[in-house]
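Here is the structure we will look at, set down as structure tokens.
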Amino acid sequence: MCQPLRLNAGNEALAGTSVSLRLLTPLACIAARSMASAAPRGGPAAFWDSTYGSGPEMVYGQAPNRWLAASSGVRDLVPEGARIVELASGEGRNAVWLAEQGFRTVGVDISAAGVAKSRAFAKAKGMSEDVLRFETGDATTFGDDDSFDAVVGIFAHVPPPMKQAFIANMVRIVKPGGRVIGQWYTPTHVDRKNDPAIAWGKGGPPDAAACFSAKELRSSPLGTEGAFEVLEEVDADVTEGTLHAGKANVLNVIWTKATLLEGKPDRGEA
Ligand SMILES: C[S@@+](CC[C@H](N)C(=O)[O-])C[C@H]1O[C@@H](n2cnc3c(N)ncnc32)[C@H](O)[C@@H]1O
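Just so you know, this note's numbering puts 39 at position 37 of the sequence shown, and the rest follows in order with no gaps.
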């Protein structure tokens, strides 16, 4: 159930931050449910099953996403032993890394082939199911309200009609004071990739509508239900496995969900 009006029970994830504390509204919860029910089924699962099922190699490699591993998001802001979900976890490279950092991690992906490869990868790394598990599931509906200390999404590109439900779901399942940490390709990336006059890298959705811009996230529930610590569109070298190679324009996001103190919104005013 959505329970937006309640006390922040001393969430450690807020320690040492200057996040403004605002009134939570149930809008994200309502949006997640109504939009998810209209989402198409089957298409992306079949596409990704065929991509991941085409061979034993991991198409984005075994190493975690470079930004995820290097940025302050997970390293400095998520408390030790925290519960993290990676939505659209693919073949498991990021979730395995998160578990190796000591987080209790669950990876969720719509592709059964991706989940099977993730489980095999975790087994080969000797990871126990107590710290890391993978589930076949839909990133627009997975998870209970306020249940994760952090939600991670790395190139978690869902079909355009499902994007708003996906964003609303991230907001719904992260705890007050918890983080959303992610990297996505931007519409700029797709424009440049499709421009023969520009030498650009390969990778990312073919459709700009499947990407995220800073402007779009600012006007989404992320903009009203919490505060961005990082929201930047930057050029980066994204070389990962065989499918991501070279120059990219990406959106880096570190966001904290607002909390309540004593049932009243605290806007940090003197
Ligand atoms: C570009 S891949 C990224 C995989 C992984 N995050 C990584 O960085 O290695 C996009 C992933 O989104 C998954 N996906 C697409 N729509 C989804 C949905 N509605 N729910 C869960 N996963 C989804 C695909 O199956 C695919 O694994």
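Backbone N, C-alpha and C fix where the C-beta goes; we use that ideal spot for every residue, glycine too.
Contact between A260 and P178 is confirmed by a C-beta separation of about 7 Å, below the 8 Å threshold.
For A90, the Cβ falls inside the 7 Å cut-off from some heavy atom of ligand 1. Secondary structure at F123: helix, using DSSP grouped into helix, strand and coil.
Bridge pairing for V153: V87 and V182 [DSSP]. Distance from the C-beta of W99 to the nearest heavy atom of ligand 1 is not below 7 Å. In summary, G116 is buried, with 16 or more beta-carbon neighbours lying within 10 Å of its beta-carbon over all protein chains present. When DSSP reads this structure, V110 sits in a beta bridge with L89 and E137. In this model, L79 and V252 are separated by some 21 Å (Cα to Cα). For A250, there is no enclosing alpha helix (DSSP H); the residue is part of the beta strand (DSSP E) that begins and ends at K249 to K259. Cβ contact annotation for S215 (same chain, cutoff 8 Å, sequence separation greater than five): T188, P189, T190, E235 and L253, in chain order. Annotation: L89 to I156 spans about 8 Å, alpha carbon to alpha carbon. When the Cα atoms are used, L233 and R220 turn out to be separated by approximately 9 Å.
C-alpha of S113 to C-alpha of D197: approximately 31 Å in a straight line. T143 and N171 do touch by the CB rule: their CB atoms are close to 6 Å apart, below 8 Å.
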